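**Student:** The structure is given below, and queries will be raised subsequently.
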Amino acid sequence: MNSINHLITFWIKKLKACNKLLPFAIKKLTGKAAYMSNWENRCAKVRAYAAANKDLIAQRTKACREKNKEILREKKAKPYTCECSGKYQEGHKQRHFRTNKHQQWLATQ
Numbered sequence: 005m006n007s008i009n010h011l012i013t014f015w016i017k018k019l020k021a022c023n024k025l026l027p028f029a030i031k032k033l034t035g036k037a038a039y040m041s042n043w044e045n046r047c048a049k050v051r052a053y054a055a056a057n058k059d060l061i062a063q064r065t066k067a068c069r070e071k072n073k074e075i076l077r078e079k080k081a082k083p084y085t086c087e088c089s090g091k092y093q094e095g096h097k098q099r100h101f102r103t104n105k106h107q108q109w110l111a112t113q
């Protein structure tokens with residue numbers, strides 16, 4: 005029976021069936037199902053790599069920070085105006101959200 009199924013699948017593939025459905029073929033996981041089924045395995049590999057290569061990762065992040073130092077500084081210093089009419093910089097965003105002015109504005113919304 006298995007050889008018959010194999011032959012049927014072989015000829016359907018060879019003759020390019022119209023319906024594109026391969027009976028008796030093993031369904032391969034694709035898309036989100038494949039991603040989710042392999043999630044823990046990939047996480048374990050990433051953790052193992054990070055633990056084994058701490059120094060290398062630290063060097064790379066340090067080099068990246070130094071390379072983009074000016075861009076990061078400009079981004080932190082960029083001024084923002086909140087809907088509560090308060091002004092703050094990106095580096096002080098959370099501090100602004102805790103201020104009385106912003107909290108009172110949230111309460112009125």
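Those letters in the sequence shown? Residues 5 to 113, by our numbering. Idealized CB from N, CA, C, for every residue including glycine. As the structure is a computational prediction, the values presented were derived from the model and not from experiment.
1) Strictly by DSSP, which residues pair up with Y92?
2) What whole-angstrom Cβ distance do K82 and Q93 have, given they're in contact under 8 Å?
3) Cutting at 6 Å between CB atoms, please list the residues of its own chain near T85, excluding the five before and the five after it.
4) For Q63, report the span of its alpha helix (DSSP H) as first-last.
5) Along the chain, where does the alpha helix (DSSP H) that runs through T112 open and close?
6) Which residues in the same chain have their Cβ closer than 7 Å to the Cβ of C88, if we skip the five residues on either side of it in sequence?
7) In three-state terms, what does DSSP make of N42?
**Tutor:** Quick look at the numbers:
1) Y84
2) K82 to Q93, Cβ: 7 Å. Contact.
3) K91
4) 58-71
5) 104-112
6) K105, H106, W109
7) Coil, per DSSP.
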